[in-house]
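Here is the structure we will look at.
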Amino acid sequence: MDDKPHFRNVALLWLLSCVIMLPIVVFVLGPGLPPGNGSVQASGQVVDNTVLLATATPVALAVLVYMAYAMWAFRERNPEVVVDGPPIRGNASVQFWWLMVTTVLVLFLAAYGSARLLADGSGAGQGPNPIAVPSAPKGTTVLPVQVIAQQWEFTYRFPTYGGVETRALELPANTLIKFNVTSLDVIHSFWAYELGVKADANPGVNNVAYVTTKGPLTFHVRCAELCGLWHGYMFNTGTVVPRAQFATWITQQRVQYAPVTKLLPPYARTYFPQPLRRGG
Amino acid sequence: MSAQAKRAVVTVVITVVVCVAIGLYIGLYLVNVPGSVAATPTAAGSQLYLATVATAEASDPHNTWVSYYVVDANSGNWRHDTTFQVPANTLVHFTIYQYDTSTGLRNNFFSQPSGTVGPVLIDGKPTTVVNPMAPAHTFAIPQIGLSIPLPGANSSAKNLCAQAPCSLSQAHHTVSFTFRSPVKGLYRWQCFVPCGAGFIQGNGGPMQTVGYMGGFLKVV
């Protein structure tokens, strides 16, 4: 029986690798993780992703260090002398620590994720009755924006600006945005990547997602739910602009779309459009 | 030749055949793109004539589906293509003969034309908005913000065109508009009226198949 202190060696190597890798993960890789810092919620997601990566790093290192150590320490060129080691049975200490470490990790992740979601919703769709409502930046009010998905284009409606509907999405900087996401036909998903917003668009459902914008930004909007022939083309770009510029833009939109705004149905959280007389 | 050598030869031959077959499959897939129709150059840009019909021609594999067609303005011939080729950054004039009857829009927002240079003419009259229940189809290129509602033909007319090809003597609306083509690239276009009769919410069949109510604008 080999009497070398393998456990101690592996533990020391693992500890050393953690001391080297964790700062790299947290301070070098972390800030570059998606989705960037385009909004308060996006920045929060970068922190979340860094925490998750930092939590996973010691686990991954344990596996890799043990594998590398085993390949080196237990190498044997002569296949005739290779024998399997004695099976481990009933080792209470191993069982205890295995259960303890995995339980603590899982409970930590569950608690951390729940706390983060409850804090500000993390840019996710919260359904029609959101429970995590972030507070608006000082001196501002929440801006509701309805996202209407249809095969195959997103349009946007601004209830506080006469219910005007637009093709483009422009948002004021440093403002809490309340996205009311719905669909007129099948299931879509509103994914504003750099804003850190992702919310399913279901017909007949108002799915609310909050985001607090920061400075000027161009962001990409994509449908993230396979929705038919032109799903891959269901994208556009949006912008976050200074408030004065947003005020000018929304005024222009109201003028441009004045003829059709009169023909739109009254603003509602969901729509059940007619006609379907050609539908099967 | 030994048995081992024969096995090696057979293995090599089979491998080569399989690789060639895979290569052919991929190569044919890459080069097999839908045909396109080039816009006719004019003094003021380029011109395309299209038509929308209630059902494709009898010889079409889906001859009960609603469809777009390209119309040759000189010969009057109809072509069943929905990929149109236009030059980049030029004025493109479209004239669409709309023979189908109304279905109505699912989103009234699309009843206002947008993205054009100059007015949209429906039967020669400048139009800023149409009744949301009137469109039979739309012609839209979302990537450049172009959206044109196409009002349905009078459903009580006695000379409705039931199947392609149709003639100008049959009930229709003529919609013409101009837009500036974008930079080089492939842009999809589609109809936003749920006009796929017989399919769930009207959005199946011709709405989900390139060559009927959608296609590409190839800007070269």
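Residue numbers (the working numbering), protein chains in the order written: chain A, 3 to 282; chain B, 540 to 759. For glycine and all other residues, C-beta sits at the position ideal for the given N, C-alpha and C.
* Please report how far the alpha carbon of A:P36 lies from the alpha carbon of B:K723, in whole angstroms. => Numbered from its first residue, the first sequence carries residue 36 of chain A at position 34. Numbered from its first residue, the second sequence carries residue 723 of chain B at position 184. Each residue's alpha carbon lies about 31 Å from the other.
* **Beta-bridge pairing of A:G40 - partner residues as DSSP gives them** => Counting from 1 along the first sequence, the entry for residue 40 of chain A is found at position 38. BP columns for A:G40 are empty, so no partner.
Report yes if the CB atom of A:A201 is closer than 9 Å to the CB atom of A:A126, and no otherwise.
-> The residue you call residue 201 of chain A lines up with position 199 of the first sequence. The residue you call residue 126 of chain A lines up with position 124 of the first sequence. Contact: yes.
query: Is the stretch 696-708 of chain B in contact with the stretch 575-586 of chain B, if contact means three or more CB pairs nearer than 8 Å?
result: The stretch 696-708 of chain B makes no contact with the stretch 575-586 of chain B: fewer than 3 CB pairs, one atom from each, lie closer than 8 Å.
Counting only the same chain and skipping the five closest in sequence on each side, list residues whose C-beta sits under 6 Å from that of A:Y269. Numbered from 1 along the first sequence, position 267 holds the residue referred to as residue 269 of chain A. P161 and G165.
Discussion item. Let me check understanding here. Comparing Cα to Cα, which of B:N602, B:V668 and B:L689 lies closest to B:T522?
Written reply: Residue 522 of chain B lies beyond the residue range present for chain B, which begins at 540 and ends at 759; the question has no answer from this structure.
Three-state secondary structure (DSSP) of B:H711: The count along the second sequence starts at 1 and reaches residue 711 of chain B at position 172. The answer is coil: DSSP assigns B:H711 none of H, G, I, E or B.
Taking CB distances under 9 Å as the criterion, tell me whether A:E155 reaches chain B.
For this step, residue 155 of chain A is matched to residue 153 along the first sequence. At least one chain B Cβ lies under 9 Å of A:E155.
Check your understanding: In terms of residue numbering, what span does the beta strand (DSSP E) encompassing A:I179 cover?
Key -> Stepping through the first sequence from its first residue, residue 179 of chain A is reached at position 177. Here the beta strand (DSSP E) through A:I179 covers L178 to S185.
What does the alpha-carbon distance come out to for the pair A:N238 and B:I739? The count along the first sequence starts at 1 and reaches residue 238 of chain A at position 236. The count along the second sequence starts at 1 and reaches residue 739 of chain B at position 200. Distance between the alpha carbons of A:N238 and B:I739 is about 27 Å.
(request) Note down the Cα distance separating B:L589 from A:Y259, rounded to an integer number of angstroms. (result) Here residue 589 of chain B is taken as the residue at index 50 of the second sequence, counted from 1. Here residue 259 of chain A is taken as the residue at index 257 of the first sequence, counted from 1. Looking at the two C-alpha atoms, the distance is approximately 27 Å.
Review point. Would you say the stretch 5-13 of chain A touches the stretch 77-97 of chain A, given that touching needs at least three Cβ pairs under 8 Å?
Key: In short, these stretches do not touch, since the Cβ pair count stays below three.
message = Would you say B:A692 lies against chain A (beta-carbon separation less than 9 Å)?
response = One-based indexing of the second sequence puts residue 692 of chain B at position 153. Cβ-Cβ to chain A under 9 Å: no for B:A692.
message: So, for A:W154: in the same chain, excluding its five sequence neighbours on each side, which residues have a beta-carbon less than 8 Å away from its beta-carbon?
response: As a position in the first sequence, residue 154 of chain A is number 152, starting the count at 1. Only C225, C229, G230, L231, W232, H233, Y235 and M236 meet the Cβ criterion.
On the three-state DSSP scale, how would you describe A:D122?
Translated into positions along the first sequence, residue 122 of chain A becomes position 120. Three-state DSSP puts A:D122 in a helix.
With 9 Å set as the bound, which would you pick, yes or no: does the beta-carbon of A:I150 sit closer than that to a beta-carbon of chain B?
As a first step, residue 150 of chain A is located in the first sequence; it is residue number 148 there, counting from the start. Closer than 9 Å to some Cβ of chain B, the Cβ of A:I150 qualifies, so yes.
Could you run through the stretch 108-130 of chain A and flag, in chain order, every residue whose CB is less than 8 Å away from some CB of chain B? From the stretch 108-130 of chain A, no residue has a Cβ closer than 8 Å to chain B.
- The alpha helix (DSSP H) spanning A:R11 covers which residue range? What you label residue 11 of chain A is simply residue 9 of the first sequence in a count that begins at 1. Residue identity differs from the one stated: residue 11 of chain A is Asn in this sequence, not Arg. H8 to P25 is the extent of the alpha helix (DSSP H) around A:N11.
Find the nearest neighbour of A:V242 within the set A:Q43, A:N131, A:Y68 and A:N176, judged by alpha-carbon distance.
-> Taking the first residue of the first sequence as position 1, residue 242 of chain A is located at position 240. The shortest C-alpha separation from A:V242 is found at A:N176.
Taking C-beta pairs closer than 9 Å, name the residues in chain A that B:T594 reaches, listed in chain order. Indexing the second sequence from 1 puts residue 594 of chain B at position 55. Ordered by position in chain A, no residue passes the 9 Å Cβ test against B:T594, which lies about 13 Å from the chain.
Counting only C-beta atoms, is A:V223 closer than 9 Å to chain B at any point? Here residue 223 of chain A refers to the residue found at position 221 of the first sequence. No, A:V223 lies away from the interface with chain B (no Cβ there is under 9 Å from its Cβ).
Could you spell out the range, first to last residue, of the beta strand (DSSP E) harbouring A:A211? Against the first sequence, residue 211 of chain A aligns to sequence position 209. Counting along the chain, the beta strand (DSSP E) containing A:A211 begins and ends at N209 to T214.
Discussion item. Taking 9 Å as the threshold (beta carbon to beta carbon), is B:G684 in contact with chain A?
Written reply: On the second sequence, position 145 is the one that residue 684 of chain B refers to. Closer than 9 Å to some Cβ of chain A, the Cβ of B:G684 qualifies, so yes.
Determine which residues of the stretch 156-189 of chain A have a Cβ less than 7 Å from any Cβ of chain B, and write them out in chain order. Residues passing the 7 Å Cβ filter: T157, E167, R169, L186 and D187.
C-beta contact flag for B:R719 and B:G753 at 9 Å: Against the second sequence, residue 719 of chain B aligns to sequence position 180. Against the second sequence, residue 753 of chain B aligns to sequence position 214. No, they are not a contact pair.
- Shorter than 9 Å from the beta carbon of A:G281 to some beta carbon of chain B? The residue you call residue 281 of chain A lines up with position 279 of the first sequence. Bear in mind that the predicted position of A:G281 carries a pLDDT of just 38, short of 50, making it too unreliable to give a figure here.
Report task. Would you verify that the beta carbon of B:G753 is, or is not, closer than 9 Å to some beta carbon of chain A? Result -> Within the second sequence, residue 753 of chain B is the residue found at index 214, counting from 1. It does: the Cβ of B:G753 has a partner Cβ on chain A nearer than 9 Å.
Answer yes or no: does any C-beta atom of chain B fall closer than 9 Å to that of A:L266? Along the first sequence, read from residue 1 onward, the residue named residue 266 of chain A stands at position 264. At least one chain B Cβ lies under 9 Å of A:L266.
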